[in-house]
Every structure is written in structure tokens, then in C-alpha cells.
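Novice: There's a structure below that I have some questions on.
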Amino acid sequence: MTVVAAEGVGIEFGGVKAVDDVSFSVRQGEIFAIIGPNGAGKTTLFNLISGLYVPSRGRIFLSGRDVTRLPPQALATCGLSRTFQNLQIFFRMTAAENVMVGRHLHERRNVLAHLCMLPSVIRQNKATRHKAEELLAFVGLLGAADRPAGTLPYGALKRLEIARALATEPRVLLLDEPAAGCNAVETAEVDAVIQKIAAQDITVVLVEHDMRMVMKISSRIHVLDQGRTIAEGTADEVRNNAAVIAAYLGAHGSREAERARR
Ligand SMILES: Nc1ncnc2c1ncn2[C@@H]1O[C@H](COP(=O)(O)OP(=O)(O)OP(=O)(O)O)[C@@H](O)[C@H]1O
Ligand SMILES: [Mg+2]
């Protein structure tokens, strides 16, 4: 079943076509990677899918429903969640509180009931805390629940963001460079978490520069260059594709292309 699809999507900034006529469809439970050199349009595509930007052309579908003009909050209630390329952590809050912030989207809120701390609110707060602990355990951070996020190592913060994104119980999770800046051990931890998410039948759309990780865990890979699709296929198909190799060689030397081949 197709869970997320883009159909001829495009947007420009000034004269620059940041995303130009991009189409793809992602099946349930798949890890679908979107790769490409810096400035290829990957984050912009995520911003279009998650409702931060409205495309100037094309349509976006979630589970078959046209969601092209829906704002981010509406998409969250349709089962879409995401992380951002730059850490969006509240450093003074604890790890558990950071996850609880994500969970609040899922809750029924009645301001008066909250002000009066009615029993129903207390129950809800306990349930939220419990869910946050479950998610922290899922990403391997339960022991850090009550630590201020600012005291956690960088790799832990990347997994904390994933836990928070999962707090809305999404069917689709967009991850924008979840391993960026991580060392090899931290990358392996993120890699394991992503595979656990997909094993729960949550669809993952992954933007990532770590080619070893992308090639290892993605079922299919969609390649962008200067806003346009240049290839789509399995890891083997993409790593041997001449246009892909040329795009990476032209962009920043052979390092990523080489890693993709290994
Ligand atoms: N809000 C914006 N205003 C103007 N230009 C933008 C905006 N967002 C993106 N762009 C431009 O669109 C193009 C695609 O940028 P985008 O951030 O989507 O690339 P990316 O593939 O995510 O790159 P990276 O790998 O470096 O994160 C770039 O030329 C960028 O400068
Ligand atoms: Mg980006």
C-alpha cells in the first residue's frame, strides 16, 4: 500500500527551482531514502511533504488522500511526523520532557481542566510520562529520562529527536539527516533505531549523507540533483548509476560516491 506519494511536485525561490517536477511513492513499512549533493532540494522536499511549504506545482498524497495544501498540524493528525536537519531540542528541559512536548499533539486539551489540575488531567499527564519513557527506552535513552537534554552527548540528542517525533504515533516518519555529525558508534545506534521503527510498520523517509548507512538500510533510494530526480532504485542500481556518480563527483569529490560503492 502506498503511504506517501509526490506527483510532479515543484517549488522555486526567486529564480531557483529548488524542487522541480519530483514524483515518487513510498510503500508502507519501507525505508525510502532521498539522497543528493548539498542543495539538491532534499530538505525543501521534506518541507513540502510536511506542509511547511506549499508547492507551486504538483500534489502530495498521504495514504491516498490529497494533502497538498494542509498545514503541518493537520498533517500531524493525519499520521505524519518529522525531524529537522538542525537539532530542535529544548536543552534546559529533561529528555522525558522533550518527548512529552511531542506527545501533547496527541492529547485532548481543555485549558480550564488543566488550570484546575482535574483528576483527568493528572491521569493524562501520567500517561504522557509513561509513553515518553516507553519511547526513550525504544531509542535506548531510558536512563537519561530525567537528565537535562543539554547534558546529553550529541548522538543521544539525535535519538531523542527521533523519540519526540514518534510521540505523535505517526504512520510516516520523515528523518532529515538523523546521523549528521555523528561518529561511527552513534551512527550505528541511529541506524538500529531506524530499522526498529520500520520493523513496527512505520514508513520511514530518510534524508542522509552517510552513504554506508543509506545503502545498508534503504529498500529504495531516490536521487535528486539541483531539484530534479536523476535516479531511483535499489542500493545496487543507484550506486552503479552513471548520473548519480557524476552528480556526486561534480559536487564534492569522490568521497560519498566511494562510500556508496563499499
Ligand atoms: N527558504 C528558502 N529560500 C530561498 N532559497 C531556499 C530556501 N530553502 C531552500 N532554498 C534553496 O533551495 C535549494 C535546495 O536547498 P535544500 O536545503 O532543500 O537542499 P538539501 O538537499 O537539503 O541540501 P543539504 O544536503 O545541504 O541539506 C538550495 O539552492 C537552497 O539555497
Ligand atoms: Mg538539507
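So that you can map any letter, position 196 of the sequence shown is 229 in our numbering, and since no number is skipped, the others follow by simple counting. C-beta atoms are modelled at their ideal positions from N, C-alpha and C, and glycine is treated no differently.
For Pro-203, I'd like the list of residues in its chain whose CB is within less than 7 angstroms of its CB, leaving aside the five on either flank, ordered along the chain.
Specialist: Indexing the sequence shown from 1 puts residue 203 at position 170. If we look at Pro-203 and ignore the five residues flanking it on each side, its Cβ neighbours are Gly-112, Leu-113, Ser-114 and Ile-235.
Novice: Would Asp-53 pass as an interface residue toward chain B - the criterion being a Cβ-Cβ separation below 9 angstroms?
Specialist: Annotation note: the requested chain B is absent from the structure, which comprises a single protein chain.
Novice: Gly-91: which of Thr-77, Ile-67, Thr-267 and Ser-56 sits nearest, CA to CA?
Specialist: Residue numbering aside, residue 91 sits at position 58 when the sequence shown is read from its first letter. The shortest Cα separation from Gly-91 among Thr-77, Ile-67, Thr-267 and Ser-56 belongs to Ser-56.
Novice: Which whole-angstrom value is the C-beta distance of Arg-192 and Gly-173, which I expect to be below 8 angstroms?
Specialist: Start at 1 with the first residue of the sequence shown, and residue 192 comes out as number 159. Start at 1 with the first residue of the sequence shown, and residue 173 comes out as number 140. For Arg-192 against Gly-173, the beta-carbon gap comes to about 7 angstroms, under 8 angstroms, which counts as contact.
Novice: Would Ala-39 and Ile-82 qualify as a contact pair, given that the criterion is a beta-carbon distance under 9 angstroms?
Specialist: Taking the first residue of the sequence shown as position 1, residue 39 is located at position 6. Taking the first residue of the sequence shown as position 1, residue 82 is located at position 49. Closer than 9 angstroms, so yes.
Novice: When you measure from the CB of Thr-76 to every non-hydrogen atom of ligand 2, does any distance come out below 8 angstroms?
Specialist: The sequence position of residue 76 within the sequence shown is 43, counting from 1. Yes, since a heavy atom of ligand 2 falls inside the 8 angstroms radius drawn around the Cβ of Thr-76.
Novice: Could you check if Gln-118 belongs to the surroundings of ligand 2, using beta carbon to heavy atom distance under 8 angstroms?
Specialist: As a first step, residue 118 must be located in the sequence shown, where it is residue number 85. Indeed, a heavy atom of ligand 2 lies less than 8 angstroms from the Cβ.
Novice: Taking only the alpha-carbon atoms, compute the straight-line gap between Val-36 and Gly-266 and give it to the nearest angstrom.
Specialist: Working through the sequence shown from its first residue, we reach residue 36 at position 3. Working through the sequence shown from its first residue, we reach residue 266 at position 233. Going from the Cα of Val-36 to the Cα of Gly-266 covers about 18 angstroms.
Novice: Alpha carbon to alpha carbon, what distance is there between Ala-221 and Ala-280?
Specialist: Locating residue 280 in the sequence shown gives position 247, counting from the first residue. Locating residue 221 in the sequence shown gives position 188, counting from the first residue. Near 27 angstroms, if we compare the C-alpha coordinates of Ala-221 and Ala-280.
Novice: Pro-211 by DSSP, collapsed to three states: which one?
Specialist: Your numbering for residue 211 matches position 178 in the sequence shown. Three-state DSSP puts Pro-211 in coil, outside helix and strand.
Novice: Distance check for Gly-41 and Gln-118, CA to CA, integer angstroms please.
Specialist: Here the question's residue 118 lines up with position 85 in the sequence shown. Here the question's residue 41 lines up with position 8 in the sequence shown. The alpha-carbon atoms of Gln-118 and Gly-41 are separated by roughly 24 angstroms.
Novice: Would you please state the rounded distance, in angstroms, between the beta carbons of Ser-252 and Ile-64? I believe it to be under 8 angstroms.
Specialist: Here the question's residue 252 lines up with position 219 in the sequence shown. Here the question's residue 64 lines up with position 31 in the sequence shown. 6 angstroms between Cβ atoms; contact.
Novice: Report yes if the C-beta distance between Leu-168 and Leu-199 is below 9 angstroms; otherwise report no.
Specialist: Numbered from 1 along the sequence shown, position 135 holds the residue referred to as residue 168. Numbered from 1 along the sequence shown, position 166 holds the residue referred to as residue 199. For Leu-168 and Leu-199, yes; Cβs fall inside 9 angstroms.
Novice: With hydrogens ignored, establish whether the beta-carbon of Val-240 is closer than 8 angstroms to any heavy atom of ligand 2.
Specialist: Counted from its first residue, the sequence shown places residue 240 at position 207. Under cutoff, so the answer is yes.
Novice: Quick check on Gly-286: does DSSP put it in helix, strand or coil?
Specialist: For the purposes of this step, residue 286 is taken as the residue at position 253 of the sequence shown. Its pLDDT being 49, under 50, Gly-286 is placed unreliably in this model, and the coordinates cannot settle the point.
Novice: Could you tell me which residues DSSP pairs with Ala-264 in its beta bridges?
Specialist: Residue 264 sits at position 231 when you count from the first residue of the sequence shown. Answer by DSSP bridge pairing, in chain order: Val-256.
Novice: Of the choices Gly-62, Ala-182, Ser-89 and Arg-156, whose alpha-carbon is the least far from that of Lys-229?
Specialist: Here residue 229 corresponds to residue number 196 of the sequence shown, with the count starting at 1. Out of Gly-62, Ala-182, Ser-89 and Arg-156, Gly-62 has the C-alpha closest to the C-alpha of Lys-229.
Novice: Do you know how far the Cα of Leu-208 is from the Cα of Val-223?
Specialist: Translated into positions along the sequence shown, residue 223 becomes position 190. Translated into positions along the sequence shown, residue 208 becomes position 175. The alpha-carbon atoms of Val-223 and Leu-208 are separated by roughly 11 angstroms.
Novice: Go through its chain and collect everything with a Cβ distance to Glu-241's Cβ below 8 angstroms, but skip five positions before and after it.
Specialist: As a working mapping, residue 241 is identified with position 208 in the sequence shown. Same-chain partners within the cutoff: Ala-66, Ile-68, Leu-208, Glu-210, Pro-211, Ala-212, Ala-213 and Val-247.
Novice: Any chance the CB of Glu-210 is under 8 angstroms from a heavy atom of ligand 2?
Specialist: By one-based count along the sequence shown, residue 210 stands at place 177. Within the cutoff, so yes.
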